[in-house]
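A.B. asks:
There are 2 protein chains.
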Amino acid sequence: MSISDRKRAVVLLSGGLDSSTCAALAAGEGFEICALTIDYGQRHAIELEAARRVAAALKVVEHKILKLDLRLFGASALTDDIDTPKDRAVEDAADIPVTYVPARNTIMLSLALAYAETRRAFDIFIGVNSLDYSGYPDCRPEFIAAFERLAALATKAGVEGADFRIRTPLLHLSKAEIIRTGTALGFDYGLTHSCYDPTPGGLSCGHCDSCLLRLKGFAEAGLKDPLRYA
Amino acid sequence: MSISDRKRAVVLLSGGLDSSTCAALAAGEGFEICALTIDYGQRHAIELEAARRVAAALKVVEHKILKLDLRLFGASALTDDIDTPKDRAVEDAADIPVTYVPARNTIMLSLALAYAETRRAFDIFIGVNSLDYSGYPDCRPEFIAAFERLAALATKAGVEGADFRIRTPLLHLSKAEIIRTGTALGFDYGLTHSCYDPTPGGLSCGHCDSCLLRLKGFAEAGLKDPLRYA
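Chains W and X are the protein sequences, given in the same order.
Numbering (my numbering) for the first sequence: 1 to 230.
Numbering (my numbering) for the second sequence: 1001 to 1230.
1) With a threshold of 6 Å on Cβ separation, who are the neighbours of GLU1220(X) within its own chain once the five nearest residues in sequence on each side are excluded?
2) Let me confirm a value: THR1199(X) is counted as buried when at least 16 other C-beta atoms fall within 10 Å, else exposed. Which label applies?
3) Apart from the five residues on each side of it in sequence, which residues of its chain come closer than 6 Å, Cβ to Cβ, to LEU1025(X)?
4) Using the beta-carbon count (16 or more within 10 Å), is ASP1092(X) buried or exposed?
5) Could you spell out the range, first to last residue, of the alpha helix (DSSP H) harbouring CYS1211(X)?
6) Starting from ALA1146(X), find everything on chain W with Cβ-Cβ shorter than 7 Å and list it in chain order.
7) Note down, in chain order, every chain X residue with its Cβ under 9 Å from the Cβ of LEU48(W).
8) Kindly provide the ranges of any beta strand (DSSP E) runs that are 3 or more residues long and lie completely inside the stretch 113-192 of chain W, ordered along the chain.
9) CB-CB under 7 Å to TYR115(W), same chain, minus the five flanking residues each way: which ones, in chain order?
10) With C-beta atoms as the reference, is GLU117(W) less than 7 Å away from ALA157(W)?
11) If you measure from the beta carbon of PRO251(W) to each beta carbon in chain X, is any gap under 7 Å?
12) Indicate the three-state DSSP secondary structure (helix, strand or coil) for ARG1228(X) in the structure shown.
13) With DSSP as the reference, label THR199(W) as helix, strand or coil.
14) Is it right to say HIS1172(X) is buried, meaning 16 or more other beta carbons lie within 10 angstroms of its own, or is it exposed?
15) I want to see whether chain W comes within less than 7 Å of VAL1010(X), judged by CB atoms only; does it?
16) Can you give the beta carbon distance from TYR1189(X) to ASP1225(X), rounded, assuming they're within the 8 Å contact cut?
17) Can you give me the start and stop residues for the beta strand (DSSP E) that ARG1008(X) sits inside?
18) Drop a sphere of 10 angstroms on the beta-carbon of ASP197(W), count the other beta-carbons inside from all chains shown, and report buried for 16 or more, exposed for fewer.
19) For CYS1195(X), which residues from the same chain have a beta carbon less than 7 Å from its beta carbon, with the 5 sequence-adjacent residues on both sides left out?
20) For ALA1051(X), which of GLY1015(X), ALA1027(X), LEU1191(X) has the nearest alpha-carbon?
21) Output needed in chain order: residues of the stretch 1110-1130 of chain X with a Cβ under 7 Å from some Cβ in chain W.
22) Give the secondary structure of ALA1077(X) by DSSP, where H, G and I count as helix, E and B as strand, and everything else as coil.
23) Rounded to whole angstroms, what's the CA-CA distance from LEU215(W) to ILE46(W)? Just pull it up for me.
24) Report yes if the CB atom of PHE1125(X) is closer than 7 Å to the CB atom of ARG1167(X), and no otherwise.
25) Give a yes or no on whether 7 Å exceeds the smallest Cβ distance from THR1106(X) to chain W.
26) Per DSSP, what kind of secondary structure is ASP39(W) in: helix, strand or coil?
27) Quick one: is HIS1185(X) buried, meaning 16 or more other Cβ sit within 10 Å of its Cβ, or exposed?
28) When you measure from the CB of VAL60(W) to every non-hydrogen atom of the ligand FMN, does any distance come out below 6 Å?
29) Using a Cβ-Cβ cutoff of 7 Å, what residues of the stretch 1010-1026 of chain X are near chain W? List them in chain order.
30) Suppose contacts are defined by Cβ-Cβ distances below 7 Å. Is ARG53(W) in contact with LEU191(W) by that definition?
31) Hey, how far is the Cα of ALA121(W) from the Cα of ALA1146(X)?
32) In the DSSP assignment, the alpha helix (DSSP H) including GLU1029(X) goes from what residue to what residue?
33) Along the chain, where does the beta strand (DSSP E) that runs through LEU66(W) open and close?
34) If you follow the alpha helix (DSSP H) that LEU70(W) is part of, which residue opens it and which one closes it?
35) Who are the near neighbours of ARG1140(X) in its chain, counting only those whose CB is closer than 7 Å to its CB and skipping five residues on each side?
36) If the criterion is Cβ atoms closer than 7 Å, does the pair ILE38(W) and LEU13(W) meet it?
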């Protein structure tokens, strides 16, 4: 199969564990990958470096990093000056976390849709997960289905009959299952970054929601996290 | 009625004729206006100045200008190096114009939704028009309805019961009716800018699709366009 015969996909790639697994899955399906990283003014800019490492390791055909400074609006621990919660019981996170970024996945998917349309890529991969992050409204299956309906109406390609698919292979997987999936594909999680509050030297804190979920996932998968913790 | 009793709205304000009329209508309804201008790397950056003038004239409570460089993706005459069409018959524009920006209104509304959620503004005004711009898929009523359904699912506020409304008061108006509406509200169209291809000195070209639609609108409304043309 030559490169030109391969289908193309846009993958939203933050450099975190979930989006990187998504990218590995898209590569495993034989997609030619156009990776899109949104630099939305988050504190953990170190994730951008992780995204570059993952994109290179998976041999994507194109990697775009789009700046979008959502700090202009504020109102999230990831973009504003609210403290990142530490050592919370992950199982208790029924409420919407303060790390919720208003309309985050709507914005991410909109930008991915624009990119996908220009590249005639009709599969858009996003690493949302309804299990570990049940608190986020825009990680739910009904949100994804609504966006897919929107995409058909929103674009020239959609009007002309293209069938945009929002691919969410991680939607119903536990963190342990996600890690097992990527590991089975030979993906190196040492390339990724998850911590909301890394040290200046880039070590993960081990105590924010994201680190706790990650460590719990590796423990449940019976695997060792290759990242270094403070 | 004190300021704090007033309802708040986000208005997408490009500085063009349509979005400025939208803002004037929102002001006329008594909304406290949070104006949002997206600087998406378009050629006519002179529009940003128009947006600032309109925001000041309408006494908005906040005006945010968000940079989002969609030139990263290309594929539109407004963001890429494709020539702007000149002196086309406006009535013949049945095809989707080359000035179509992929997923433009999906992106604009996503960003407006994020802004609106942080400000607890549940009315979002966008100056889309299904008559003069019938070629754009994301100016159609069915697109707007789909986005409204998405907004309820996409946000914390929506999950908690807030009813986001995408307000499109210009949807079924002709350009002449839009101009008459704004003029009746006392709005000064000399503050706005429409041209896709202005001279370095800021004069409108008078020949691009946008100028032609504008001039035709003023002529049909029996009014004189206060802008200066090259």
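The beta-carbon is built from N, C-alpha and C at its ideal position, and this holds for glycine as well.
C.D. replies: The structure says:
1) Walking along the second sequence from the start, residue 1220(X) turns up at place 220. Same-chain partners within the cutoff: ALA1176.
2) Position 199 of the second sequence, counted from the start, is the residue given in the question as residue 1199(X). By the neighbour-count rule (16 or more Cβ atoms within 10 Å), THR1199(X) is not buried but exposed.
3) The residue you call residue 1025(X) lines up with position 25 of the second sequence. Cβ neighbours of LEU1025(X) beyond the five flanking positions: PRO1169.
4) On the second sequence, residue 1092(X) is found 92 positions in, with the first residue counted as 1. With a pLDDT of only 47 at ASP1092(X), under 50, the local geometry of the prediction cannot be trusted, and the value read off the model is given with reservation. Label assigned to ASP1092(X): exposed.
5) As a position in the second sequence, residue 1211(X) is number 211, starting the count at 1. Here the alpha helix (DSSP H) through CYS1211(X) covers 1209-1221.
6) Within the second sequence, numbered from 1, the residue matching residue 1146(X) stands at position 146. Going along chain W in sequence order, the residues near ALA1146(X) (Cβ under 7 Å) are ARG149, LEU150, LEU153.
7) Position 48 of the first sequence, counting from 1, holds the residue named residue 48(W). Result: empty, since nearest Cβ-Cβ is about 15 Å, beyond 9 Å.
8) 123-125, 165-167
9) Here residue 115(W) is taken as the residue at index 115 of the first sequence, counted from 1. Counting only Cβ-Cβ distances below 7 Å, and skipping sequence neighbours, we find VAL10, CYS34, LEU36, LYS64.
10) One-based indexing of the first sequence puts residue 117(W) at position 117. One-based indexing of the first sequence puts residue 157(W) at position 157. Cβ atoms of GLU117(W) and ALA157(W): closer than 7 Å.
11) Lying before the first or after the last residue shown, residue 251(W) is absent from chain W, which here runs from 1 to 230.
12) The residue labelled residue 1228(X) in the question sits at position 228 within the second sequence. If DSSP states are grouped into helix, strand and coil, ARG1228(X) belongs with coil.
13) Within the first sequence, the letter at position 199 stands for residue 199(W). It is coil, neither helix nor strand.
14) For the purposes of this step, residue 1172(X) is taken as the residue at position 172 of the second sequence. So HIS1172(X) counts as exposed.
15) Within the second sequence, numbered from 1, the residue matching residue 1010(X) stands at position 10. No - not a single Cβ of chain W is within 7 Å of the one on VAL1010(X).
16) Along the second sequence, read from residue 1 onward, the residue named residue 1189(X) stands at position 189. Along the second sequence, read from residue 1 onward, the residue named residue 1225(X) stands at position 225. Rounded, the Cβ-Cβ distance is 7 Å, consistent with contact.
17) Counting from 1 along the second sequence, the entry for residue 1008(X) is found at position 8. Unbroken beta strand (DSSP E) run through ARG1008(X): 1008-1012.
18) Here residue 197(W) is taken as the residue at index 197 of the first sequence, counted from 1. ASP197(W) comes out buried.
19) Along the second sequence, one-based indexing puts residue 1195(X) at 195. Result list for CYS1195(X): HIS1044, SER1204, CYS1205, CYS1208, SER1210, CYS1211, in chain order.
20) Taking the second sequence and counting its residues from 1, one reaches residue 1051(X) at position 51. When each option's Cα is compared against that of ALA1051(X), the closest is GLY1015(X).
21) SER1110, LEU1111, LEU1113, ALA1114, TYR1115, GLU1117, THR1118
22) Position 77 of the second sequence, counted from the first residue, corresponds to residue 1077(X). Note that ALA1077(X) scores 49 on pLDDT, short of 50, meaning its location in the model is unreliable; the coordinates nonetheless yield the value given after this. If DSSP states are grouped into helix, strand and coil, ALA1077(X) belongs with coil.
23) Taking the first residue of the first sequence as 1, we reach residue 215(W) at position 215. Taking the first residue of the first sequence as 1, we reach residue 46(W) at position 46. So the two alpha carbons sit approximately 19 Å from each other.
24) Reading the second sequence from its first residue, position 125 is the one you call residue 1125(X). Reading the second sequence from its first residue, position 167 is the one you call residue 1167(X). Yes, the pair counts as a contact, with Cβ atoms nearer than the cut-off.
25) Against the second sequence, residue 1106(X) aligns to sequence position 106. For THR1106(X), the answer is yes, since a Cβ of chain W falls inside 7 Å of its Cβ.
26) Translated into the one-based positions of the first sequence, residue 39(W) becomes position 39. Strand.
27) Residue numbering aside, residue 1185(X) sits at position 185 when the second sequence is read from its first letter. Here the sequence assigns Leu to residue 1185(X), which means His is not the residue at that position. Answer is exposed; the Cβ neighbour count stays below 16.
28) Ligands in the displayed structure: none, and consequently the ligand FMN is not present.
29) none
30) The residue labelled residue 53(W) in the question sits at position 53 within the first sequence. The residue labelled residue 191(W) in the question sits at position 191 within the first sequence. Yes, Cβ-Cβ distance for ARG53(W) and LEU191(W) is below 7 Å.
31) Translated into the one-based positions of the first sequence, residue 121(W) becomes position 121. Translated into the one-based positions of the second sequence, residue 1146(X) becomes position 146. Their Cα atoms are separated by approximately 22 Å.
32) Start at 1 with the first residue of the second sequence, and residue 1029(X) comes out as number 29. First-last for GLU1029(X): undefined, no H or E at that position.
33) The count along the first sequence starts at 1 and reaches residue 66(W) at position 66. Segment 62-67, the beta strand (DSSP E) holding LEU66(W).
34) Taking the first sequence and counting its residues from 1, one reaches residue 70(W) at position 70. Careful: LEU70(W) lies outside any alpha helix (DSSP H) and carries neither H nor E.
35) The count along the second sequence starts at 1 and reaches residue 1140(X) at position 140. Cβ neighbours of ARG1140(X) beyond the five flanking positions: SER1130.
36) The sequence position of residue 38(W) within the first sequence is 38, counting from 1. The sequence position of residue 13(W) within the first sequence is 13, counting from 1. No, Cβ-Cβ distance for ILE38(W) and LEU13(W) is not below 7 Å.
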